[in-house]
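Numbering-wise (this note's numbering), the sequence shown opens with residue 110 and increments by one.
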Amino acid sequence: MPDAPHHPRGDRSIAVFGSSEAVPGDPLYEQARAVGRLLATAGYRVVTGGYGGVMEGASRGAVEVGGNALGVACGAFPERVPNRYLSEVVEEPELFSRTRALIETARGYVVLHGKSGTLAELALLWALHRAGSLGRRPVVLLGDGWRPFLRHLVQAGMIESEQFDVTRVVDTPEEALGIVGEFLPNGMED
Numbered sequence: 110m111p112d113a114p115h116h117p118r119g120d121r122s123i124a125v126f127g128s129s130e131a132v133p134g135d136p137l138y139e140q141a142r143a144v145g146r147l148l149a150t151a152g153y154r155v156v157t158g159g160y161g162g163v164m165e166g167a168s169r170g171a172v173e174v175g176g177n178a179l180g181v182a183c184g185a186f187p188e189r190v191p192n193r194y195l196s197e198v199v200e201e202p203e204l205f206s207r208t209r210a211l212i213e214t215a216r217g218y219v220v221l222h223g224k225s226g227t228l229a230e231l232a233l234l235w236a237l238h239r240a241g242s243l244g245r246r247p248v249v250l251l252g253d254g255w256r257p258f259l260r261h262l263v264q265a266g267m268i269e270s271e272q273f274d275v276t277r278v279v280d281t282p283e284e285a286l287g288i289v290g291e292f293l294p295n296g297m298e299d
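Below, the structure is given as structure tokens:
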């Protein structure tokens, strides 16, 4: 997979995916905020889709502790405004290039609860991993809904066993950071 043109390979960026509907005070928003704080405190740059919900929560948490939050916005959403907690915003012209930039920019991924967009991003991460395009970049699924979902996928034969080489399910933001650190002790996947 070629590198994203505006972000060098090997930097300490972690993408955070999840629902765009969470609002401040919601448990999901606050969980994303904690993830952002922990990642930034550990020296990682937080990368999100740049808008509200989990994207805002993770970005907010990062900048609250002096970290860096990159938002990858999308020209296909002219009615949306990037959240105010971003240190930097880049804009991609459409959804596919935005998703590609998020994936290529990051060295690991933390996925919180979401809907169809989050599931599409997760499925693409797994497909790229299976194709050998992501190396050992970790995919960390945070939250209690992932275990039954994964069990169903395994039972239905809809996920390959090799996905579990890089995919971990955790219950807390602290555990998510621990998995990122295990896979990327120096902030790099190779």
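Just so it is clear, CB atoms sit at the ideal spot from N, CA and C, and this is done for glycine as well.
- Task: Please determine, among GLY217, LEU243 and GLY158, the residue with the shortest C-alpha to C-alpha distance to MET202.
- Result: Taking the sequence shown and counting its residues from 1, the one referred to as residue 202 is at position 93. Here residue 202 is Pro; the residue named in the question, Met, does not match the sequence. Closest by alpha carbon: GLY158.
Check: Helix, strand or coil: which one does DSSP assign to THR157?
Finding: Here the question's residue 157 lines up with position 48 in the sequence shown. The answer is strand: DSSP assigns THR157 an E or B state.
Requested in this report: List the endpoints of the continuous beta strand (DSSP E) containing ALA124.
Outcome: Position 15 of the sequence shown, counted from the first residue, corresponds to residue 124. Where ALA124 is concerned, the enclosing beta strand (DSSP E) stretches over 122 to 126.
Kindly indicate which three-state DSSP category GLY145 falls into: helix, strand or coil? By one-based count along the sequence shown, residue 145 stands at place 36. The answer is helix: DSSP assigns GLY145 an H, G or I state.
_Contact check, ARG169 vs ARG121, beta carbons under 8 Å_ = In the sequence shown, counting from the first residue as 1, residue 169 sits at position 60. In the sequence shown, counting from the first residue as 1, residue 121 sits at position 12. No.
Between the region 257 to 269 and the region 285 to 294, do at least 3 Cβ pairs fall closer than 8 Å? Counting C-beta pairs closer than 8 Å gives fewer than three between the region 257 to 269 and the region 285 to 294, which falls short of the contact rule.
task = Quick one: give me the first and last residue of the alpha helix (DSSP H) that VAL263 is part of.
result = As a position in the sequence shown, residue 263 is number 154, starting the count at 1. Where VAL263 is concerned, the enclosing alpha helix (DSSP H) stretches over 255 to 264.
Original post:
Going along the chain, which residues of its own chain have a beta-carbon closer than 6 Å to the beta-carbon of THR276, five neighbours each way excluded?
Top reply: In the sequence shown, residue 276 corresponds to position 167, counting from 1. Same-chain partners within the cutoff: VAL248.
| said: Measuring CB atoms only, is the region 227 to 240 touching the region 185 to 197, in the sense that at least three cross pairs come out at less than 8 Å? | reply: Using a C-beta cut-off of 8 Å, the region 227 to 240 makes no contact with the region 185 to 197, since fewer than three inter-stretch Cβ pairs fall below that distance.
To the nearest angstrom, how far is the alpha carbon of LEU293 from that of VAL190? To locate residue 293, count along the sequence shown from 1; it is residue 184. To locate residue 190, count along the sequence shown from 1; it is residue 81. Take the alpha-carbon of LEU293 and the one of VAL190: they are about 32 Å apart.
Practice item. Go ahead and pull the three-state DSSP assignment for MET297. Key: Working through the sequence shown from its first residue, we reach residue 297 at position 188. Reliability fails at MET297, whose pLDDT of 47 lies under 50, so the model's placement of it is uncertain and no value is given.
Can you give me the C-alpha to C-alpha distance between GLY175 and TYR194, rounded to a whole angstrom? Start at 1 with the first residue of the sequence shown, and residue 175 comes out as number 66. Start at 1 with the first residue of the sequence shown, and residue 194 comes out as number 85. Looking at the two C-alpha atoms, the distance is approximately 11 Å.
Would you mind working out which of ALA151, SER196 and PHE205 sits nearest MET164, comparing C-alpha positions? Mapped onto the sequence shown, residue 164 falls at position 55. Nearest C-alpha to MET164: SER196.
First and last residue of the beta strand (DSSP E) that includes THR281?
The sequence position of residue 281 within the sequence shown is 172, counting from 1. Here THR281 belongs to no beta strand (DSSP E), and DSSP marks it neither H nor E.
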